[in-house]
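Student:
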Amino acid sequence: MKVTHWNAGDAACGALIVGLKRQLDKVASGQLLHVTALSAGAPVDLPAWCRVTGHTLVDADHPKYVLRKKDH
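For what it's worth, this note's numbering labels the leading residue of the sequence shown as 313, then goes sequentially.
1. For the beta strand (DSSP E) that contains G353, what are its first and last residues?
2. Hey, S341 and D383 are a contact pair by Cβ (cut 8 Å); roughly how many whole angstroms apart?
3. DSSP on K333, reduced to helix/strand/coil?
4. Report the option in I329, V364, V315 whose CA atom is closest to the CA atom of N349.
5. With L336 and K381 assumed to form a contact (beta carbons below 8 Å), what rounded beta-carbon distance in angstroms separates them?
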């Protein structure tokens, strides 16, 4: 399985979510995206975004997150 990494740095809220969507657009369905997100809001923003979009938050240990892109 191919694993992709993205360092979001300290991108917050809107910039974090827009960047995350762009990164997931590059990943095949079912694949993992490892994210480093330093923003203080990431522990709330990333799980909420996953619930809304249907992607799976596999692991969350701020600032490291693992998301699985939903199958289409």
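Note that the Cβ used here is the ideal one computed from N, Cα and C, for glycine as well.
Tutor: Taking the definition as stated:
1. Careful: G353 lies outside any beta strand (DSSP E) and carries neither H nor E.
2. So it is a contact: roughly 5 Å between Cβ atoms.
3. Of the three classes helix, strand and coil, the one that applies to K333 here is helix, per DSSP.
4. Before going further, note that residue 349 is Ala rather than Asn in the sequence given. Cα-wise, what sits closest to A349 is I329.
5. Contact between L336 and K381 is confirmed by a C-beta separation of about 5 Å, below the 8 Å threshold.
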